[in-house]
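To start, the structure under review is shown below, and the notes come after it.
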Amino acid sequence: MDFPVFHLDFLGNRYLIAGIAILHVLINHGLAVGMMPLIAAMEWYGHKKQDPRWDKLAYKILFVCFLITTTVGALTGVGIWFSVSLVNPYSIASLIRVFFWAWFTEWLVFVTEVCLILAYTLTWKKWTAQGPESKKRHIRLGFALAFASWVTMAIIVAILGFMMDPGNWLTVNSFWTGVMNPLYIPQLAFRTPLAATMAGIIAMFLILFFTKKQDQFRNDALRAVGLWTLAFAPFVLVAGWWYYTSVPDAMKDNLGVSLGTLEFVDWQTKFLQIAVITVVTILLVVQFAISRPKLLPKVALVVPFVAILWMTGHFERVREFIRKPYVIGQYMYANGLRVEDYALLQRDGVLTYATYSNPLTEAEKAELPNGLSEPERTARLEAIQKGKDVFMNTCTRCHTGHGVNSITGHLQRMFGDQPWTPELTAGYIESMHYAQPYMPPFPGNKAELQLLGTYLQHLQQNKAPIPGAQSVGVIVSGAAAARSPEMTNQTEAAVQ
Ligand code: HEC
């Protein structure tokens, strides 16, 4: 609560991160981590067979990857930093404290990777023309690039695993216990062959554009890349299973909601069936491309291409969701509040420690109950203002007012058109973490529960969008802002 609340009332903050991050993962895995070794292998194979057609194909695929990874790939990578710092500065701050040196190393490796891909792409033609010695050197450059791409992923996956389950770090706060969290190695073992298979499928799709229909080489290329894809597929399945069995059970309980939404929990079995069918379809089409390339209608290759992107995107979404109610397992809730601060907050109230207040717009002040006297009106608006601050600080990392996953939508479904009085809603909110374990417990005190209730009742009538600090600014709340460090320590000591 030391930062103004960034909020997108229609889309929701989660989707801002999810949209950018998923696009980034697809590009990173499919076009960098998995594709660079494949391209280097194609170049090596062409050199070995003295067949320039492989060389040309590899270069064309590289050029596509080069364009996309250095533009959209790099921008979405930076975009993840921007979006997570806006939406949940607390979690990124904690992660930076634990993983500073990992990110520093990551930055060095990333810069190396960018230099290598520039060098690899730009020297391709010249070094090829210079003869076999230069060509060999160029191929080595390709494999070095492949290695650097993998290392960037390998570092980040440690942090992703940590966010799901920090393991022993919760008792021993050291860098290495954080890195060696229980999900790190299984997740890395899963993502590595996944990236290779993805790259294979994407390359098969690109081969259609870079070879001619009647050309026998198209079939040779499809067959070879198809074999590459199938060779990694069993590892994806085995490591996927290992990863799945390493995920704590509490997270698996969230799977149903994560795949769809609350209303679609029953859809889970259907989804799993769809997933199995998708995997089988991918494997069949690839298998067909290998064994009967002439019979395979070329559009059929669109199917595995779309399917693998869809599956991987969905996997990321699920992975992000199931660690809820935490953003960092057992340590920090998704609302940005640390588990160990809860006792203090529930006693003193979150507003006591909120540095900023989120001013009501004129539109948000409308639709008050009829017939209020002026003092009643003022008191009411004051309660609504405080209730809004509670809502902004404790619910908006996951809920909007009226948009996606809106609080009003949920209340409408639960309580219908009857007035959503604090008596009605407060009881639910107080125990919402039992009703839906992916929600954190309410962090405020009893008075704030009533204020939040008053605000939610107001939202039943008032449909105005709830602006974030980025559009209406904030009011610095005097009491919290004036707190001195000594006072904070005393209060915390008193609670403990
Ligand atoms: C960690 C994210 C998160 C936070 C923080 C959070 N919620 Fe939720 N809440 C959810 C999700 C996810 C759902 C289910 C959405 C769906 O249908 O898929 C949900 C559902 C609900 C529902 C409907 C539950 C039901 O049983 O049908 C209510 C009511 C609700 N939230 C209120 C709140 C309130 C009030 C706050 C703030 C005090 C809050 N939530 C904070 C994630 C969160």
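Just add 1 to wherever you are in the sequence shown, counting from 1, and you've got the working numbering. Every residue, glycine too, gets a C-beta built ideally from N, C-alpha and C.
Exposure of residue i, with buried meaning 16 or more beta-carbon neighbours within 10 Å
i: Phe11; result: exposed
i: Tyr245; result: exposed
i: Gln188; result: buried
i: Arg398; result: buried
i: Leu63; result: buried
i: Tyr439; result: buried
i: Asn371; result: exposed
i: Met43; result: buried
i: Gly132; result: exposed
i: Arg219; result: buried
i: Glu377; result: exposed
i: Lys295; result: exposed
i: Val248; result: buried
i: Phe105; result: exposed
i: Ala287; result: Before going on, a small fix: residue 287 reads as Val here, not Ala. With 16 or more other Cβ atoms within 10 Å, it is buried.
i: Val496; result: No answer about Val496 holds up, because its pLDDT of 43 lies below 50 and its placement is not dependable.
i: Val281; result: exposed
i: Val112; result: exposed
i: Lys126; result: exposed
i: Glu487; result: With a pLDDT of only 49 at Glu487, under 50, the local geometry of the prediction cannot be trusted, and no value is derived from it.
i: Tyr435; result: exposed
i: Ala82; result: Going by the sequence as given, residue 82 is Trp instead of Ala. When all chains shown are included, Trp82 counts as exposed.
i: Gln458; result: buried
i: Arg348; result: exposed
i: Phe392; result: buried
i: Ala344; result: exposed
i: Val85; result: buried
i: Leu123; result: exposed
i: Arg138; result: exposed
i: Leu9; result: buried
i: Ile278; result: exposed
i: Gly350; result: buried
i: Gly402; result: buried
i: Arg98; result: exposed
i: Asp56; result: buried
i: Pro420; result: exposed
Supposed close pair residue i, residue j - CB separation, criterion 8 Å
i: Cys66; j: Ala22; result: Not confirmed; about 20 Å, so no contact.
i: Thr313; j: Leu27; result: 6 Å
i: Arg468; j: Thr362; result: It is worth fixing the name first, because residue 468 is Pro in this sequence and not Arg. Right, the Cβ-Cβ distance comes to about 6 Å (below 8 Å), so this counts as a contact.
i: Gly78; j: His30; result: Not really, about 13 Å apart at Cβ, beyond 8 Å.
i: Leu76; j: Leu117; result: The pair is not a contact, with the Cβ atoms about 19 Å apart (cut-off 8 Å).
i: Leu284; j: Val237; result: In fact, because the Cβ distance is near 10 Å, the residues do not count as touching under 8 Å.
i: Val425; j: Lys299; result: The displayed chain sequence assigns Leu, not Val, to residue 425. With 8 Å as the limit, Leu425 and Lys299 do not qualify as a contact, their Cβ atoms being about 59 Å apart.
i: Arg224; j: Ile291; result: 5 Å
i: Pro444; j: Leu338; result: 5 Å
Residues sharing a beta bridge with residue i, DSSP
i: Met199; result: Note: Met199 sits in no beta bridge, so no partner.
i: Met333; result: Ile329 and Arg339
i: Tyr91; result: The partner list for Tyr91 (beta bridge, DSSP) is empty, contrary to what the question assumes.
i: Thr401; result: Ser407
i: Tyr245; result: Its beta-bridge partners do not exist; DSSP assigns none.
i: Ser358; result: Ile476
Residues near residue i in its chain [Cβ-Cβ closer than 8 Å; skip 5 each side]
i: Val303; result: Phe206
i: Val88; result: Phe7, Asn14, Arg15, Leu17, Ile18 and Arg398
i: Val110; result: Ala149, Val152, Thr153 and Ile156
i: Lys213; result: Arg219
i: Pro53; result: Gly47
i: Ala494; result: Legend: pLDDT at Ala494 = 47, less than 50; position of this residue unreliable, value from coordinates given subsequently. So the list is empty, once near-sequence residues are dropped.
Same chain, Cβ closer than 6 Å to residue i, neighbours up to 5 away in sequence not counted
i: Ser358; result: Asp390, Ile476 and Ser478
i: Ala384; result: Leu452 and Thr455
i: Gln274; result: none
i: Thr178; result: Asn169 and Trp170
i: Tyr185; result: Ala159 and Gly162
i: Val226; result: Gly201, Ala204 and Met205
i: Phe4; result: Pro90
Residues of its chain near residue i, where Cβ-Cβ distance is below 7 Å and the 5 sequence neighbours each way are ignored
i: Phe289; result: Leu297
i: Lys387; result: Leu352 and Leu452
i: Ala301; result: Val286
i: Gln471; result: Phe7
i: His315; result: none
i: His400; result: Asn406, Ser407 and Ile408
i: Met2; result: Val351, Tyr354, Ala355, Thr356 and Asn394
i: Leu369; result: Arg378 and Arg381
Short CB-CB distance (under 8 Å) between residue i and chain B
i: Leu146; result: Protein chain content of the structure displayed is limited to a single chain, and chain B is not contained in it.
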